[in-house]
Each structure stands twice: as structure tokens, then as C-alpha cells.
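Take 130 as the starting number for the sequence shown in the numbering used here and just add one per residue.
Data block below; observations after.
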Amino acid sequence: MANPTTIAIVGLGKIARDQHLPSIAGNSAFRLIATASPHHRLEQVPAYKDTAELLAARTNVEAVALCTTPQVRYDAARLALEHGCHVLLEKPPGATLGEVRALVDLAAARGVTLLASWHSRFANGVEPARAWLASRRIKRVSVTWQEDVRVWHPGQTWIWKAGGLGVFDPGINALSILTRIIPGSVVLRNATLYFPSNCECPIAAAVNLDDQHGASIHMDLNFRHTGTESWDIEVQTDEGTLLLTKGASLLQINGRDVAVAQATEYSRLYAHFAALIGERRSDTDMAPFTLVADAFLCGRRVEVEPFIE
Ligand code: NAP
């Protein structure tokens, strides 16, 4: 068996601890050799305060998983790619479209793998839904992505700063699923974004999109929701209704549960990263991020009451 790829995690926050660490530990294609995070470290793993310090000290690092806040991802990714590392970008892949294009070019020039990761695309129901929809005509789609920001993002002030995306931080997960399961392209028609008067990013949004044949797709994104979360996508077709619930972990077709293969999103994500590295390929689909950028470009802005956590 080939030697495992040595990997470092940059940004030791919630997602790094909840998902990246266990997925790396559970995948023999990778060996964690270091972390870089300004204020946090793991016991018994060499720790550095930032990417530059990490790369200077650990010249044998072959891959980097960038789990930082999106606003600082570009600089770290650039350093890692210039160092010759394969790079996994958490979602969203950067703060601007231009940043990510520059990273795509740099990865190609260096001959290393760049993965703009969309973890929700690896939810259990996504590939079966995509396969079922491939031969159906879509009539209408409804996306409901509602959660309590105080429960899911406590203390994450970065989410409200420019580049943090606000409610589109989870909303981009819905878009990553949507753009995977709906055949052809999806375009933004219009959007209304609700900005708290003290925040740089929206707390809620209503987004209207079209599929390639003009079928309407409506999205309701809401961070002010309380109680049980809704992370649901309903697709009405000429042959009935497909329903993905709980972030696409569950699939129903015409009211019946569909049995789907079980695995965690991040175990599949790391298997994909390993395969890409093996094949020296990149995966940098920008469709979800482009739709978010389009919503910020064209969306009508409505000011609402301040958000106080
Ligand atoms: P978080 O808990 O706030 O963690 C972000 C981490 O980034 C912090 O631990 C911080 O390190 C680190 N960081 C900030 N600037 C840095 C820099 N210059 N160099 C190195 N590290 C730096 O946020 P999170 O929830 O993990 O989210 C991080 C990213 O993952 C976001 O893009 C988010 O959309 C995505 N994501 C989150 C979830 C989730 O459920 N939370 C799920 C999927 C994807 P220190 O603490 O050491 O200062």
C-alpha cells in the first residue's frame, strides 16, 4: 500500500474537531502531522499559529485542509499551493469568486490537487436523488433551509462580517445539493436579502431560481428559526415528488422511504480527496458559490431589526 499522504489542518474550530479530525483518523490514505491555528492546539500533535509557520517548520507536509473562517482562506491556500501542497478548501471556497479562480490557476500551474469541497453533496440521499431526477422533467422545486443561528453558530461573529455570508453559510449547502441533483444549469432570477441593521450579512433570504427548462425553484433561508430545523428540498416532477430531508440524509420518492447507502459526509469527502490526489486531479465546481454571489449582486436588500446574540 502507498504511504499515507501527510496532512495538516489549518483552523482548529468546530468543523475541524467535529468532522475533519475523525475523518482523517478513519482514512488510512492520510496521516495528520500538524495543525495551525492562532489560539488552539491538539495534545501530542505539533502545532503552529498560522500557515506560514506550519509550512516553514513541516516541509514534509503534502496536503492541507483549510478549515478556517472563509475570509482568511485565500492567503492560506495560496501559501500552501505555492509550497506544493494539495489543498482541501472548506465551504465556501473563499470570500470572492476571483480568489477561487486564482487558486484554480495556481493549483494547475503547480500540478497539485485543489478540492473546493461541498460536504453536503456527500449526504446519503444526494447521489440516489440525482440518479432518479436525471430522466424526469422537473416542474417545481422548493427548498426550506431554516435553523436557529444561536444554536448552530454560537459566538461565530465572523459569520456576520463581510465575506461570512450570514444565512448563506448554511444556505450554500442547500445550493450545493441543488446544483448536484438538478440536471443542467440553475440560474438566479431574483432574491430578497434581510440584513440586520448591525450586520454586514443577511439573516434571512428568499431566493428564486430557474432550472435549464425554466422550472421555478424557490428557496427560503432563515437563521431566525426556532425549534426543529428544516433542511429540506422537495422536487415535483412529471413522475411524482422527490423529497430530501435532514440535509439530504433521508430520501423519499412519492411518499415512500428510499433505502440509501449509509456513511458520513466527511468520510466520503476525504475518500474523494484521496482519489483526486491519486489521480492528480482537482474538483472546483463553483456553481453553488456563483449563485450566492449572484444573490448578493442582484438581491433586493431589506433592513431588519439588529441581531443581538
Ligand atoms: P469556527 O468554529 O469559528 O472555527 C474557525 C477557526 O478558524 C477558528 O478555530 C480559528 O482558530 C481559525 N482561524 C481563523 N483565522 C485563522 C488563520 N488566519 N489561520 C488559521 N486558523 C484561523 O468555525 P467553523 O464552524 O469551524 O467553520 C469554519 C468553516 O467551516 C466555515 O467556512 C464554515 O462554513 C465551514 N463549515 C462549518 C460547519 C459547522 O457545522 N460548523 C459545517 C461545515 C462547514 P482559533 O480558534 O485558533 O483562533
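Backbone N, C-alpha and C fix where the C-beta goes; we use that ideal spot for every residue, glycine too.
With 16 other Cβ atoms within 10 Å as the buried cut-off, status of residue i
i	result
Leu-426	exposed
Ser-264	exposed
Ser-305	buried
Ala-291	exposed
Thr-327	It is Asn, not Thr, that sits at residue 327 in the sequence shown. Exposed.
Asn-156	buried
Lys-178	exposed
Gln-275	buried
Ala-258	buried
The ligand NAP heavy atom lying under 6 Å from the CB of residue i
i	result
Gly-140	yes
Thr-366	no
His-149	no
Gln-285	yes
Ser-305	no
Ser-166	yes
Glu-228	no
Thr-198	yes
His-169	yes
Glu-81	Missing from the structure shown is residue 81; the chain here goes from 130 to 438 and no further.
Asp-340	no
Asp-277	no
Lys-143	yes
DSSP-derived helix/strand/coil call for residue i
i	result
His-215	strand
Arg-279	helix
Leu-294	coil
Asn-337	strand
Arg-266	coil
Asn-319	strand
Val-201	helix
Asp-179	coil
Arg-385	strand
Gly-223	coil
Gly-284	coil
Phe-251	helix
Asp-423	helix
Asn-390	Sequence check: residue 390 is Ala here, not Asn. If DSSP states are grouped into helix, strand and coil, Ala-390 belongs with coil.
Asp-414	coil
Residue i - partner residues in DSSP beta bridges
i	result
Ser-271	His-347, Glu-363
Val-193	Ala-137, Val-216
Arg-429	Thr-321
Arg-353	Asp-277
Arg-160	Thr-135
Leu-373	Ile-362, Leu-380
Ala-245	Leu-218
Ala-206	According to DSSP, which records beta bridges pairwise, Ala-206 is partnered with nothing at all.
Ala-165	Val-139, Tyr-177
Residue i to residue j span [Cα, whole Å]
i	j	result
Arg-429	Ala-145	34 Å
Ile-437	Ala-392	37 Å
Gly-407	Gly-384	41 Å
Thr-197	Val-272	27 Å
Thr-188	Asp-339	47 Å
Val-278	Ile-288	10 Å
Ser-314	Arg-250	16 Å
Met-415	Ala-245	8 Å
Val-389	Gln-148	21 Å
Leu-217	Val-387	31 Å
Tyr-395	His-248	6 Å
Arg-202	Pro-222	8 Å
Gly-142	Leu-262	36 Å
Asn-351	Pro-199	20 Å
Arg-239	Ala-206	13 Å
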